[in-house]
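Student:
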Amino acid sequence: MTDYEKICEFDSLYNAHKKARRNKRHKRDVIGFEMDLAKHLWSLKKRLENRTYEVGGYYKFMIHDPKTREIQALRYEDRIVQHSLCDNVLTPFFEKRLIYDNCACRQGKGTHFGIRRLTSFMQEYYRRHGAEGWILKLDIRKYFPSIDHEVLLERLRRVIPDQDIMRLLEHIVNSYNGESGKGLPMGNQTSQLFALYYLDPVDRLIKEKLKIKYYTRYMDDMVLLSESREYLRECLRQIREMCRETLRLELNEKTSIFPMRNGVDYLGWHFYLTDTGKVIRKLRQSRKRRLKRRLKVLQRDYAEGKANLEDIKQRMAATHGHLIHGHTYHLREKISQETIFTRRSVDT
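Numbering (the numbering used here), first residue to last: 776 to 1123.
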């Protein structure tokens, strides 16, 4: 069975449907699809097998998480295709080709892995070099909107042998901003994998040529540690050149080299190394403000009857689960003492 045949299998599409509907079973498009599930899945299967499947277009909405972003989302059956394609072919294919410290959107990794990884790097750095050193923080200017279709597809053609898979990938990539040839929709599952792979040449440059041991990346957010400021300047020069000449990307104004004693912002936390070698993780001020706003909304929803006690317990447990990954004892105590949930009285 070829890779393309795997994604067309009825069982593959059915399993993809079960993943796509997760936490969305109340949505109108999901309900409509499930009302005649077998018919819709067989139709999708036939179009994939006949090579007549086409992406149905995107709808857009804004999120504030914490900065304002535009998300481009697919219709439901297109999300099923993306799940089948990624789960059966792309994820296992790319997993073997990405470096270990590429943290985002990978099984067994993610934000908590990235937090632990940077912490261990700073601890090991201290044991070898002490508390003095330098950090290079890299960030790509408008990463998803700047990914070049031509560059991405050429890189994919070099490593993907199945021509039917490649034809489908070309269609998916060019279904968004095909006229300009720039950008990936942030709501696509394939976009997350493409974005992981697109910067792989930079990962290889840093790890294999520049020999930076203490390096971690979460999507386009990159951190390098070194005892030499001059060497990090040379690293920055070569990385900037590769981004510009090979990947057609630009580093943004957040990119800089600074002393390790200043600490570094990464994944919503501020990491800094003490003189005794301890790594402290404090929630960034912007994240604190965002957390306070969310708690106020939760209190209001409970007061107005829009959230029940079970909702409160789940969301507060999730908040606690996130905060325990940093040095937040006093913040957690303050939240537990000051966040009070009461029902608003109704006049009769």
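In this text, a Cβ means the ideal position worked out from N, Cα and C, and glycines have one as well.
Measuring only the C-alpha atoms, how far is residue 847 from residue 1055?
Tutor: Residue 847 and residue 1055: Cα-Cα distance of roughly 37 Å.
Student: Would you check if the distance between the CB atom of residue 1114 and the CB atom of residue 1070 is smaller than 8 Å?
Tutor: Closer than 8 Å, so yes.
Student: What would DSSP say about residue 790, mapped onto helix, strand or coil?
Tutor: DSSP, reduced to helix, strand and coil, places residue 790 within a helical segment of the structure shown.
Student: Go through its chain and collect everything with a Cβ distance to residue 792's Cβ below 6 Å, but skip five positions before and after it.
Tutor: 855
Student: Can you round the beta-carbon distance between residue 934 and residue 872 to whole angstroms, since I take them to be within the 8 Å contact cut?
Tutor: In this structure residue 934 touches residue 872 by the C-beta definition: roughly 7 Å separates them, less than 8 Å.
Student: Name, in chain order, the residues that DSSP records as bridge partners for residue 837.
Tutor: In the DSSP output, where bridge partners are listed per residue, residue 837 has 845.
Student: Just the Cα atoms here: how many angstroms apart are residue 928 and residue 920?
Tutor: 16 Å
Student: State the Cα-Cα distance for the pair residue 1108 and residue 904, rounded to the nearest angstrom.
Tutor: 36 Å
Student: Closest by CA to residue 865, which one among 845, 937, 892?
Tutor: When each option's Cα is compared against that of residue 865, the closest is 937.
Student: Which residue from 1051, 1053, 998 puts its Cα closest to that of residue 1032?
Tutor: Here the closest residue by C-alpha is 998.
Student: Throw me the rounded Cβ distance for the residue 973 and residue 922 pair, which I believe falls under 8 Å.
Tutor: 6 Å
Student: With DSSP as the reference, please indicate the residues paired to residue 1045 in a beta bridge.
Tutor: Looking at the DSSP assignment, residue 1045 forms a beta bridge with 1040, 1057.
Student: Using the Cα positions of residue 828 and residue 819, report the straight-line distance between them to the nearest angstrom.
Tutor: 7 Å
Student: Can you check which of these residues, 1038, 1027, 823, 981, is closest to residue 1013 by C-alpha distance?
Tutor: 981
Student: According to the neighbour-count rule (16 or more other Cβ atoms, all chains shown, within 10 Å of its Cβ), is residue 1101 buried or exposed?
Tutor: Buried is the call here.
Student: Pull up the distance between the alpha-carbon of residue 1003 and that of residue 914, whole angstroms please.
Tutor: 20 Å
Student: Which residues share a DSSP beta bridge with residue 992?
Tutor: 877, 997
Student: Name the DSSP bridge partner or partners of residue 817?
Tutor: None, per the DSSP bridge assignment.
Student: Give, in chain order, every unbroken run of the beta strand (DSSP E) that is at least 3 residues long and sits entirely within the stretch 955 to 1031.
Tutor: 990 to 993, 996 to 1001
Student: Considering just the uninterrupted stretch of the beta strand (DSSP E) at residue 911, what are its terminal residues?
Tutor: 909 to 914
Student: Among 918, 947, 838, which has the Cα closest to the Cα of residue 994?
Tutor: 918
Student: Between which two residues does the alpha helix (DSSP H) carrying residue 851 extend?
Tutor: 851 to 860
Student: Between residue 777 and residue 971, what straight-line distance do the alpha-carbon atoms span, to the nearest angstrom?
Tutor: 24 Å
Student: Can you tell me which of 1044, 783, 1026, 1073 puts its alpha carbon nearest to the alpha carbon of residue 894?
Tutor: It is 1044 whose Cα lies nearest to the Cα of residue 894.
Student: Three-state secondary structure (DSSP) at residue 785?
Tutor: helix
Student: Rounding to the nearest angstrom, what Cα-Cα distance links residue 1105 and residue 1097 in this structure?
Tutor: 14 Å
Student: By Cβ distance below 7 Å, which residues in the same chain neighbour residue 912 in space, the five residues on each side in sequence not counted?
Tutor: 998, 1029, 1030, 1031, 1039
Student: For residue 786, is the classification buried or exposed, using 16 other Cβ atoms within 10 angstroms of its Cβ as the cut-off for buried?
Tutor: exposed
Student: With DSSP collapsed to three states, give me the class of residue 1050.
Tutor: coil
Student: Just the C-alpha distance for residue 944 and residue 797, rounded to the nearest angstrom, thanks.
Tutor: 24 Å
Student: Given a threshold of 16 other Cβ atoms within 10 Å of its Cβ, counted over all protein chains shown, does residue 900 qualify as buried or as exposed?
Tutor: buried
Student: Less than 8 Å between the CB atoms is what I'm expecting for residue 963 and residue 1089, so what's the real figure, rounded?
Tutor: So it is not a contact: roughly 28 Å between Cβ atoms.
Student: Can you tell me the Cα-Cα spacing of residue 978 and residue 906, whole angstroms?
Tutor: 26 Å
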